[in-house]
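Worksheet for the structure shown next.
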Amino acid sequence: MKMKKLLAAALSALMLVSLLAACGGSPSSNSQAPSAAPSEPSGNGDSQGGKSYQFWGTYEESGENASMLNAAFLLNLNEDSTAVADKYMFANFDASDAATNPTFTASYMSGTWKEVEKDGVACLQIKLAYVDEGGNESNAQTAYAYDVAGVYSFDLTFPVVPGMSYTRVASMEGKEGQTYADANAFIQAYKQDFTAPEHVGAFTDADNNGTAYLQADGTVLVYAGYDKFADGTWTLADGTIAITLGGEAVDVTMDGNKATFTAERNLGDGNAASYTLVCEDISTLSAPEGGQAPAEGGEPAEEGIASYEAGGLVLVLLDDTNMKVKYPEYGMERDGFTYVLDGNTLTVTAPGEDVLGAFGQIWGAMGGETWTIDGNTATKAG
Amino acid sequence: MKKKGSLLWTILTVVTALLLVVCIVAIPVTNAFATAINVALGAKTQEVIPDPDAKIYFWSDYENEDDLVAFEKQLCHDIEAEGAALLVNRDNTLPLAAGTKFTPFSQSSFNLLYGGTGSGQVSADDAISLKAAIDGAFGDNSVNPEQWKFYAGAGYKRVNADTTGGNQAQYRINEVPWNEYGAVATTWNQYGDVALVVLARSGGEGADLPSGLPELEPYMTDGDYLRLCKEEIEMLENLEQLKKQGIFKKIVVLLNSSNTLQLDFVDDYGIDAVLWIGDVGMTGITAVADILAGTVNPSGRIVDTFLKDNHSSPAMQNFGAYPYTNGADYDVATAQNNTDPGIGKCNRDYVVYQEGIYVGYRYYETRYEDYVLGQGNAGEYSYDSDVAFPFGYGLSYTTFEYSNFSVQEQGDTFQVELDVKNTGTVDGKHTVQIYFQSPYTQYDIDNQVEKAAVELCGFDKKFIAAGDTEHFTITVEKEDLTSYDHMNAKTYILEDGDYYFTVGKDAHDAVNNILAAKGADQGRMTAAGDAGLAFKWNNPTFDKTTYAVSSVTGLPITNLFEDADLNKYEGDDGQDITYLSRSDWTGTWPSTVSLKITDQMWKDGLSHNEADRKAMVETAKSRYWADATMPQMGVSGTLSASMFAETEADDPSWNELISQIPYSEMTNLVYNGFHLTQPVPSISLPGTNDENGPQGFTKSLMGGSSAMAYTSEDVMAATFNLELIENMGKCIGEDFLHATDDSGTVFSGIYGPGANIHRTPYCGRNFEYYSEDGWLSGRVAAVEVAAIQDRGVYVFTKHFALNDQEEGRYGISTWSNEQAIRELYLEGFEGSVARGGGMGVMSSFNRLGVTWSGAHHGLMTGILRDEWGMKGAAITDCSVMAAYMDYRLGVLAGQDLWDGYSMGMETLDGLDNDPAIVSAVQTAVKHIAYSITHSHAMNVGNATVRAITPWWQMAIYAATGVMAVLTAGSVFMLIRSKKKAKNG
């Protein structure tokens, strides 16, 4: 039995070593051009007199890449002059223990720090870089944090992909001493709980963690994990469910009351992930409010008295004479348009250049005076 | 116990099996991104066993790096010293006396702009601050320390758009509101000699500057980044009041930007002096301080027209990315991927250069002349309402006087001579600018040939001591007087008629001199010109043959870009446009162009459909490679790359060398050029490393730190000092030489300089381009490129071509006409290649018409090789995940090397039996090999080059092997233990 245990232990150790080898190695050292840096700001040497500081900050954006980009950083400026920045990607909604949390990376960036006087202003000089297993540095930066009423701040430029120019900036704040006792305290402070969109039903792909949420107003939102990657509309009539995504109808196959459709997520590089989304029993669903799908893009038609998809534009009739034009691609819109609706012919008068401003370029390229209305769609005439 | 043993082996079997699966999956996935991983990890992919008898072709001029660094710091200072342009100096405010006390204003005074962002970003971590520079020039404690501390803690900072995935809406000025200064205001009278206002605007790769974005209106006036924001206006209004109260004596403004701010305010707010400084690089700000102190006499001349209304140019009427109106019918929104995550619009947008040649001063000065002469339906044009400072403008602390101006025709050139006297009391440098005007004739009107009122055609700069006179002799090439006639002659012409030469202090001064010579009504002129400084030359005959052949290659020159001109391209279903013409300014004024995709446009280039792509490939093969026969590959031979270090490009022995390379090695080389080149063992060609410019060796992108960070390119050009440019080019090359080490890591290629032009002030990458003037860009690029290559570094001058904006750059259709393409947009590159001997270019993301630039045969072969004689490699812009940069279409057109690739893009695979493709690939490989063999990479001599598997791939393979063994072992033990349990 002892032999077996030893053999198993040896095998386990071998596994660990081979895995470590897969993660590390001895790449060649980076060559450096001569540095033209002028002399350093005056400092007080390597010892920081027993001082330590702790900084924290986040980068956050909404959208399809949130789980990949959003991050909180805990930067410890230690007494031994080392600087260590941990990264926690909170948009993955994993608040488990830091030691095993796959969204937490200890020492994502590291370097040194010291107190200096730069151009007569006392500050903290913080040098950080991404350091790979071979000890090679990339995305190196030197930052200066200034004291404002006991709170220091600086911008941390961190690599989304180490070694590349694909970077983002986290605004860091900090002060002397320790605010967060450890990484777990930091995770608990910055963790977020995933809140699913309000919905009256859902299609799911349990194998790939995909969900299509059906909302009461006829909007459908499709998620991969916690990232929304598509939206559209849904309608239910006579036991038949119809779904559109990105303005196009999708095939929904029925097997009794079980409905299934496929959604593709563009992963770049010509690759896509396919989600097979299933609702086991659509008879449990109630038709969307009003029985009509909202405007494409998941936006309820709550503005004005009517709105029409017009190529990349949306024409919103505000009252009997006034309207606005929206360009969702750039999140732009302009008021000041007037219209006359005669049968299915919509005649639009644009405001002057002083009102249109930069929107005039959009309107000039995509807009027009006369439109033909068909349902929720307006087609430029002529 | 037995159960426990079985359980243990069960667990180990499951774990090892899972890990085995992970390893197996990891192999193809990581291999697809191998190049990027190698670069990111610095992993070696080759082993070079040096040749002990290697000949050293290129060596450093510096004994040690400290000497080089010291020289470079001084050089950056000198470039700024001669590039910074003094625009306003009321009552001789500048220079300032010793002991002057300054209070800096704006958060940008604390957070100075040293360079742009993106791939060309230089490390400014340790650049010299404004305070350190001022203290250095005026003595310690010259800058209000409390104000400095205030900005350190104010919490306001300029924000740039993100490089990857960023957009215009991210730009912020973030100036400190006036009401936040509080108690620090009590310190101002102690440092009240000068209120030093810094107005900075940053630019960067990936997003143009907002020129009127509605959602930015809360942050900047009319959503326009280049206008003063309300906080800046408030600051200047208050400073004016404080000046009246005697708190401040003078207000001096530094324009810290490569993007020209809208200068509609410099006559207001009691501003005493304005100095344009561009992006100052690592040490340039010390030169700015020296100019303020008067130890340097400013001599820079602006290389863009500075405007009172940035929207007044015809180019601004069509600037940006305009979606084709019927894109939804063609599935453009999701078609083709690129390097910008989440963006899939490689064929969605277009832009039309409707202004033709009338960009920058070519528009303002020409419209002005036609207004003065009452021609061309110029209307009641008000030059002064549009232009704040003309192209070429710049003041000095002294004055200069011209005399004895003469022009002599000497065969293919003109010799221009004049004397310049320094009539002031201080020494100074002066740039003489020679302009010409060619006749605008009925032939031009009939054939849509446009002519600018003045064009720069020569310059020289000299030091002139106070009271001294210097004689200038400047050669103007007759070739520079030609126009491109794309309608009738379809080549360059030199028309008959009256030409004018003049020397002008700037472009406007030049046109006024010519108008004076023409006897124009001075009542309509902004200033009286000097007819004595204009010379009329009559060309008696219309010449359409002399310049119809390349002076470099002797090959004919004719139309190559009809497919980029909406009025000539036959697949656009009659979507013609009207180009701006000086024959009818008002009637041809540009307006937003609305375009739709036609089926032919889709099939000719926009389509991402593989069947359409194949058809495009077949068309290219039949059109350009119809005579191709299957060449030999992988032939056993004894030639090695090092033998070709001094071999000319047209030597037939290259074919023998290239024939030794097997197809797989060739495609490996062509596929993977992401910041490096792959080794080619069959000819012992070493792999190399390439890095970004253009402000210097910007290794910060890929890790590590930059070498010397020079000023932005416009400041370089504004020096009009080619000796400085030459020194800088050599130093950039030196930085590459010094970055090369003995381990086989060779840095021998630079992605730069940039040679696009400033079509508008709002391009995010204007800091990487020299000027609004293509001719000047070409002259500067030629010198810089030749100097960089003198150190054994091959260049990739970028972004070739018509990539004059960032919006929509991934695959945007750029429409223009051939005269504008050749006379403006290619001139900078022509200087680099034809004049400077540049070995390479970087093709651009955009399309010419519907054809991606790298697949445009006219551009990549017709121009580059046949007209300019380029010998080395053309690389693509970043091609990672950019499937629209199709390898087949590229190599057939003359594209050689791709800046990265991704899984699914290997379209050359399996085509090793296609004579046209193989011939094209061999041509591409020869070009790449030429660049490398004529670089300092050949300092290794006849080294043995062995491709090696990088450590991380070895580790994955090893882990896979180990896991396989462990899994098998665990399974074996599991079965055995179960058997034992069963038996026992």
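If you read the sequences in order, they're chains U and W.
Numbered according to the numbering used here, the first sequence spans residues 18 to 399.
Numbered according to the numbering used here, the second sequence spans residues 121 to 1104.
Beta carbons: idealized from backbone N, C-alpha and C, even for Gly.
{"Asked": "With 16 other Cβ atoms within 10 Å as the buried cut-off, status of serine 526 of chain W", "Found": "exposed"}
{"Asked": "Simplified DSSP state of aspartate 429 of chain W, which is helix, strand or coil", "Found": "coil"}
{"Asked": "First through last residue of the beta strand (DSSP E) which encompasses tryptophan 396 of chain W", "Found": "393 to 396"}
{"Asked": "Neighbour flag for alanine 257 of chain W against chain U, beta carbons, 8 Å", "Found": "no"}
{"Asked": "At least three beta-carbon pairs within less than 8 Å, the segment 214 to 226 of chain W to the segment 835 to 853 of chain W", "Found": "no"}
{"Asked": "Local conformation of leucine 138 of chain W per DSSP, three classes", "Found": "helix"}
{"Asked": "Bridge-paired residues (DSSP) for threonine 445 of chain W", "Found": "Bridge partners of threonine 445 of chain W: none, in fact."}
{"Asked": "contact_flag[the segment 993 to 1006 of chain W, the segment 715 to 724 of chain W] where n(CB pairs < 8 Å) is 3 or more", "Found": "no"}
{"Asked": "Run of the alpha helix (DSSP H) containing isoleucine 908 of chain W, from where it starts to where it stops", "Found": "894 to 910"}
{"Asked": "Tyrosine 243 of chain U and phenylalanine 278 of chain U closer than 8 Å at C-beta", "Found": "no"}
{"Asked": "Beta carbon proximity, glycine 381 of chain U to chain W, threshold 8 Å", "Found": "yes"}
{"Asked": "Any C-beta of chain W under 8 Å from that of alanine 39 of chain U", "Found": "Confidence in alanine 39 of chain U is poor, its pLDDT being 30 and thus under 50, which makes the residue's placement unreliable; the coordinate value appears in the next sentence. With 8 Å as the cut-off, alanine 39 of chain U counts as an interface residue toward chain W."}
{"Asked": "Any chain U beta carbon closer than 8 Å to aspartate 626 of chain W", "Found": "no"}
{"Asked": "Cβ-Cβ distance between cysteine 577 of chain W and valine 596 of chain W below 8 Å", "Found": "yes"}
{"Asked": "Close beta carbons around threonine 818 of chain W, own chain, < 7 Å, minus the five adjacent residues each side", "Found": "Gly240, Gln241, Val242, Glu811, Asn812 and Ser826"}
{"Asked": "Among W:Ile422, W:Thr415, W:Val373 and W:Leu375, the one whose alpha carbon lies nearest that of serine 897 of chain W", "Found": "W:Ile422"}
{"Asked": "Backbone secondary structure at lysine 549 of chain W - three-state DSSP", "Found": "strand"}
{"Asked": "Classification of leucine 138 of chain W by the beta-carbon crowding that lies within 10 angstroms, buried from 16 upward", "Found": "exposed"}
{"Asked": "Beta carbon of valine 1060 of chain W nearer than 8 Å to that of proline 170 of chain W", "Found": "yes"}
{"Asked": "The segment 922 to 935 of chain W touching the segment 864 to 883 of chain W, judged by at least three CB pairs closer than 8 Å", "Found": "yes"}
{"Asked": "CB contact below 8 Å: glycine 712 of chain W versus chain U", "Found": "Note on residue identity: the sequence assigns threonine, not glycine, to residue 712 of chain W. By this cut-off, threonine 712 of chain W is an interface position."}
{"Asked": "Per DSSP, the bridge partner or partners of isoleucine 1178 of chain W", "Found": "Nothing can be reported for residue 1178 of chain W: it is not among the residues displayed for chain W, which extend from 121 to 1104."}
{"Asked": "Own chain partners of isoleucine 293 of chain W with C-beta closer than 8 Å, once the 5 adjacent residues on each side are dropped", "Found": "Arg278, Arg321, Tyr339, Met340, Tyr345, Cys349, Glu351 and Glu352"}
{"Asked": "Where cysteine 296 of chain U falls: helix, strand or coil (DSSP)", "Found": "strand"}
{"Asked": "Close Cβ partners of asparagine 201 of chain U (< 7 Å) along its chain, the five nearest in sequence each way excluded", "Found": "Asp114 and Ala115"}
{"Asked": "Other residues of its chain near isoleucine 367 of chain W: CB distance less than 8 Å, five sequence neighbours each side excluded", "Found": "Trp308, Asn309 and Gly312"}
{"Asked": "Beta-bridge pairing of tryptophan 657 of chain W - partner residues as DSSP gives them", "Found": "W:Tyr619"}
{"Asked": "Local conformation of glutamate 750 of chain W per DSSP, three classes", "Found": "Note that residue 750 of chain W is methionine in the sequence shown, not glutamate. The answer is coil: DSSP assigns methionine 750 of chain W none of H, G, I, E or B."}
{"Asked": "Residue interval of the alpha helix (DSSP H) (run including asparagine 130 of chain U)", "Found": "Residue 130 of chain U is actually tryptophan in this sequence, not asparagine. That residue, tryptophan 130 of chain U, is in no alpha helix (DSSP H); its beta strand (DSSP E) goes 121 to 135."}
{"Asked": "Cut-off 7 Å between Cβ atoms - residues of its own chain near proline 215 of chain W, not counting five sequence neighbours on either side", "Found": "Leu412, Ala413, Gly414 and Tyr517"}
{"Asked": "DSSP three-state assignment for tryptophan 745 of chain W, whether helix, strand or coil", "Found": "coil"}
{"Asked": "Where valine 372 of chain U falls, given that 16 or more other Cβ within 10 Å makes a residue buried", "Found": "exposed"}
{"Asked": "Leucine 238 of chain U, enclosing beta strand (DSSP E) - first and last residue", "Found": "236 to 241"}
{"Asked": "Contacts around arginine 487 of chain W, its chain only, beta-carbon distance under 7 Å, and the 5 residues preceding and following it disregarded", "Found": "Ala498, Tyr501 and Trp705"}
{"Asked": "Segment limits, alpha helix (DSSP H) that includes alanine 1101 of chain W", "Found": "1071 to 1103"}
{"Asked": "Interface flag, arginine 185 of chain U vs chain W, CB-CB below 8 Å", "Found": "yes"}
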